[in-house]
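Visitor: At position 209 of the sequence shown the residue is numbered 405 (my numbering), and the sequence of numbers has no breaks.
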Amino acid sequence: MSREFDKNMRQLVSEIAANYRQNSILSEYDSSNLADKVEIIEILQELRQLIFPGFFDRKKLSNSTIEYYIGDLLISIEEKLHRQVKCALLHKSHINNEYSDTYLEEQTNEICLKFFKMLPKIQEYITTDVQATYDGDPAAGDIEQIIFSYPGIFAVSIYRIAHELYKLSVPYIPRIMTEYAHNETGIDIHSGAQIGKYFFIDHGTGVVIGETCIIGENVKIYQGVTLGALSTRGGQNLQGVKRHPTIEDNVTIYSGASILGGDTVIGKNTVIGGNAFITKSVPDYTTVSVKNPELKFKNSKPKEFEQEFILDWVI
Numbered sequence: 197m198s199r200e201f202d203k204n205m206r207q208l209v210s211e212i213a214a215n216y217r218q219n220s221i222l223s224e225y226d227s228s229n230l231a232d233k234v235e236i237i238e239i240l241q242e243l244r245q246l247i248f249p250g251f252f253d254r255k256k257l258s259n260s261t262i263e264y265y266i267g268d269l270l271i272s273i274e275e276k277l278h279r280q281v282k283c284a285l286l287h288k289s290h291i292n293n294e295y296s297d298t299y300l301e302e303q304t305n306e307i308c309l310k311f312f313k314m315l316p317k318i319q320e321y322i323t324t325d326v327q328a329t330y331d332g333d334p335a336a337g338d339i340e341q342i343i344f345s346y347p348g349i350f351a352v353s354i355y356r357i358a359h360e361l362y363k364l365s366v367p368y369i370p371r372i373m374t375e376y377a378h379n380e381t382g383i384d385i386h387s388g389a390q391i392g393k394y395f396f397i398d399h400g401t402g403v404v405i406g407e408t409c410i411i412g413e414n415v416k417i418y419q420g421v422t423l424g425a426l427s428t429r430g431g432q433n434l435q436g437v438k439r440h441p442t443i444e445d446n447v448t449i450y451s452g453a454s455i456l457g458g459d460t461v462i463g464k465n466t467v468i469g470g471n472a473f474i475t476k477s478v479p480d481y482t483t484v485s486v487k488n489p490e491l492k493f494k495n496s497k498p499k500e501f502e503q504e505f506i507l508d509w510v511i
């Protein structure tokens, strides 16, 4: 430590501490009752082991050992989830002074019980997503490859876990989970979105699905698709308002398309072409495509040979 730094240490400490006290954003610096992101990711990892037995650990399983395996995982997950849900509720109650200690414990127990009862449904939905991915992607060699390596399945499976916690009004944890998947895959699915069975995200990078989006069954979307809000200028006043589109059953949305607005409904069996920008509803059995753009090519030969020409380009 330099003498100059040591000399100014007290003033530096005083100024930073003053910022803590004066700024409400910085004043909540007691992290003892905050949810632990590292343990939440561990919960996700163990839940993926539970949903896909034998894929994400090194244990050799058989019909005679599978129930012990499930039991051990459930005990581990329950201990961690109970701790994290209680921390999240405690922090929320610390802000709003909502819960007594007894009520907090009762709420935590109830949330964990309801969540664990939903695990078979979560597993069922994720299994349909895997099947939709296999059926819809000729590059998929087999089911195992999809489970091990496809970012769409990774992001959607974590979304489905987080969504059940979101429905139980658990603070913080659902968003931590989906942002973990977002960071790993580039796929941003809000835990509040409602997504039906057989959902397939192909490639996936840059996909955004907003909180109030409703998606039916057998929907397929490609990279760069945004299912977003038409405007967020209302800020916090828009909480609880449907801001994102509804996508009905059997819809395909190609890369780069943006579909915006809470009143926008994409009808059943519709195809949305690449780079489309949609803010109004589209009826059932419709194909939407962007008019073929005109591309200008300039010859790179020396000036005396230079020529310009225009070619039609088919998307």
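We put the beta carbon where it would ideally sit given N, CA and C, even for glycine.
1) Output the distance between the C-alpha atoms of Cys409 and His440, rounded to the nearest integer angstrom.
2) Residues in its own chain within less than 7 Å of Phe395 by CB, not counting five upstream and five downstream?
3) Put Val467 into one of helix, strand or coil per three-state DSSP.
4) Within a Cβ cutoff of 7 Å, which residues of the same chain sit near Trp509, ignoring the five residues on either side of it in sequence?
5) For Leu434, which residues of its own chain have a beta-carbon under 7 Å away from its beta-carbon, when the five flanking residues on both sides are left out?
6) Per DSSP, Asp384 is paired with what?
7) Determine which residues share a DSSP beta bridge with Val421 and list them.
8) Strictly by DSSP, which residues pair up with Lys416?
9) Could you check if Phe201 is buried or exposed, using at least 16 other CB atoms within 10 Å of its CB as the buried criterion?
10) Output yes or no for whether 7 Å exceeds the beta carbon distance between Gly348 and Gly400.
11) Could you spell out where the alpha helix (DSSP H) holding Phe201 opens and where it closes?
12) Could you check which residue in Ile273, Asp232, Ile342, Ser365 has the C-alpha nearest to that of Phe251?
13) Please report how far the alpha carbon of Gln245 lies from the alpha carbon of Val366, in whole angstroms.
14) Less than 8 Å between the CB atoms is what I'm expecting for Lys476 and Thr460, so what's the real figure, rounded?
15) Helix, strand or coil for Ser496? Go by DSSP, reduced to three states.
16) Would you kindly work out how many angstroms separate the C-alpha atoms of Ile455 and Pro249, rounded to a whole number?
17) Just to confirm, is the Cβ distance from His378 to Gly406 under 7 Å?
18) What three-state label does DSSP hand Gln280 in the structure shown?
19) Taking 7 Å as the CB-CB cut-off, is Glu306 touching chain B?
20) Can you give the Cα-Cα distance for Thr261 and Phe312, rounded to whole angstroms?
Guide: Taking the definition as stated:
1) 5 Å
2) Asp325, Ala328, Val352, Ile411, Val415
3) strand
4) Confidence in Trp509 is poor, its pLDDT being 45 and thus under 50, which makes the residue's placement too unreliable to answer from.
5) Thr428
6) Val404
7) When DSSP reads this structure, Val421 sits in no beta bridge, so it has no partner.
8) Phe396, Thr448
9) Phe201 is exposed by the Cβ-count criterion.
10) yes
11) Unbroken alpha helix (DSSP H) run through Phe201: 199-203.
12) Closest option to Phe251, judged by alpha-carbon separation, among Ile273, Asp232, Ile342, Ser365: Ile342.
13) 23 Å
14) 6 Å
15) Reduced to three states, the DSSP call for Ser496 is coil.
16) The alpha-carbon atoms of Ile455 and Pro249 are separated by roughly 37 Å.
17) no
18) helix
19) Looking for chain B here will not work: only one protein chain is present.
20) Annotation: Thr261 to Phe312 spans about 21 Å, alpha carbon to alpha carbon.
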